[in-house]
Amino acid sequence: TQLLEQSPQFLSIQEGENLTVYCNSSSVFSSLQWYRQEPGEGPVLLVTVVTGGEVKKLKRLTFQFGDARKDSSLHITAAQPGDTGLYLCAVQGAQKLVFGQGTRLTINP
Amino acid sequence: DTGVSQDPRHKITKRGQNVTFRCDPISEHNRLYWYRQTLGQGPEFLTYFQNEAQLEKSRLLSDRFSAERPKGSFSTLEIQRTEQGDSAMYLCASSSASGQPQHFGDGTRLSIL
Numbered sequence: 008t009q010l011l012e013q014s015p016q017f018l019s020i021q022e023g024e025n026l027t028v029y030c031n032s033s034s035v036f037s038s039l040q041w042y043r044q045e046p047g048e049g050p051v052l053l054v055t056v057v058t059g060g061e062v063k064k065l066k067r068l069t070f071q072f073g074d075a076r077k078d079s080s081l082h083i084t085a086a087q088p089g090d091t092g093l094y095l096c097a098v099q100g101a102q103k104l105v106f107g108q109g110t111r112l113t114i115n116p
Numbered sequence: 020d021t022g023v024s025q026d027p028r029h030k031i032t033k034r035g036q037n038v039t040f041r042c043d044p045i046s047e048h049n050r051l052y053w054y055r056q057t058l059g060q061g062p063e064f065l066t067y068f069q070n071e072a073q074l075e076k077s078r079l080l081s082d083r084f085s086a087e088r089p090k091g092s093f094s095t096l097e098i099q100r101t102e103q104g105d106s107a108m109y110l111c112a113s114s115s116a117s118g119q120p121q122h123f124g125d126g127t128r129l130s131i132l
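Going line by line, the protein sequences match chains A and B.
Everything in the first sequence is counted per this note's numbering, starting at 8 for the first residue and increasing by one.
Everything in the second sequence is counted per this note's numbering, starting at 20 for the first residue and increasing by one.
Structure, rendered in structure tokens:
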């Protein structure tokens, strides 16, 4: 079983629509990270959330850390084709990162 | 801006051959990580170096895999007697200290024929 469960696994929507993807766990974490990975490239860190209930915004992307620090969501407003990619959540272990399986997002023009 | 560099970007080889990948981390970073990513999955941790010392290895790292970081700068990952299941993207990352963000390279995609 995965430590981090991401849903949905795939999402394809039209440009201009809003969407939310989720990262869930039964474990409590001190922090959680979101990455975006484009085809043929490595993951790029978008944000780290630390405090339960914390909301961080990055342009049209809104990240929320659950009050109990077990889950997180990523909401994209007015999605654009440039938002297409694999969105990964991850938690930091002693040294290593542990990733969810990702949500593959496709924004159609 | 010199990020994490990996070479080669793609490698196609026959089953049973040996392959070696190289990672050059960000120059001031003393921590270096290897991950493996298969299709439809997130990256999975393989091993970690602090300077030249290999401090942690995943159970995914079978005895056919060996990683080195001889001078605490670049690292190599070698896979001996490759198998079909080794086909994946091999990602390298580096960080400046424990708990600091890991910066990823663009990976080496390995395909086993």
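Glycine included, every Cβ here is placed at the ideal spot set by N, Cα and C.
Does the beta carbon of residue i sit closer than 7 Å to a beta carbon anywhere in chain A?
i: Y109 of chain B; result: no
i: A73 of chain B; result: The sequence as given places Gln at residue 73 of chain B; Ala does not occur at that position. Answer no: the Cβ-Cβ gap between Q73 of chain B and chain A never drops below 7 Å.
i: D105 of chain B; result: no
i: F84 of chain B; result: no
i: P62 of chain B; result: yes
Quick check: what's the CA-CA separation for residue i versus residue j?
i: G92 of chain A; j: H82 of chain A; result: 14 Å
i: C30 of chain A; j: R78 of chain B; result: 25 Å
i: Y109 of chain B; j: Q13 of chain A; result: 22 Å
i: T58 of chain A; j: E63 of chain B; result: 26 Å
i: A97 of chain A; j: G107 of chain A; result: 6 Å
i: S117 of chain B; j: G126 of chain B; result: 22 Å
i: Q121 of chain B; j: L51 of chain B; result: 9 Å
i: T110 of chain A; j: R83 of chain B; result: 31 Å
i: S81 of chain B; j: Q73 of chain B; result: 15 Å
i: R55 of chain B; j: A107 of chain B; result: 7 Å
i: P116 of chain A; j: L18 of chain A; result: 14 Å
i: R76 of chain A; j: I20 of chain A; result: 29 Å
Might you give, ordered along the chain, the residues of its own chain that have their beta carbon closer than 7 Å to the beta carbon of residue i, omitting 5 neighbours on each side?
i: H48 of chain B; result: S113, S114, S115
i: Q87 of chain A; result: E22, I114
i: E71 of chain B; result: R88, P89, K90, G91
i: E75 of chain B; result: T66, Y67
I'd like to know whether the C-beta of residue i is nearer than 7 Å to at least one C-beta of chain B.
i: Q108 of chain A; result: yes
i: L26 of chain A; result: no
i: L68 of chain A; result: no
i: L95 of chain A; result: yes
i: L52 of chain A; result: yes
For residue i, return the contacting residues in chain A, with the cut-off set at a CB-CB distance below 7 Å.
i: Q121 of chain B; result: L104
i: S117 of chain B; result: Q102
Report the neighbours of residue i on chain B: residues whose CB is nearer than 7 Å to its CB, in chain order.
i: G49 of chain A; result: L110, F123, G124, D125, G126
Excluding the 5 residues flanking residue i on each side, which residues of the same chain have their C-beta closer than 6 Å to its C-beta?
i: T55 of chain A; result: S38, Q40
i: T39 of chain B; result: T95, E97
i: D78 of chain A; result: N31
In chain A, which residues lie with their C-beta within 8 Å of the C-beta of residue i?
i: G91 of chain B; result: Per Cβ cutoff of 8 Å: no residues; G91 of chain B is ~16 Å from chain A at best.
Exercise. How about the segment 57-76 of chain A and the segment 25-38 of chain B: do they share at least three Cβ pairs that are nearer than 8 Å?
Worked result: no
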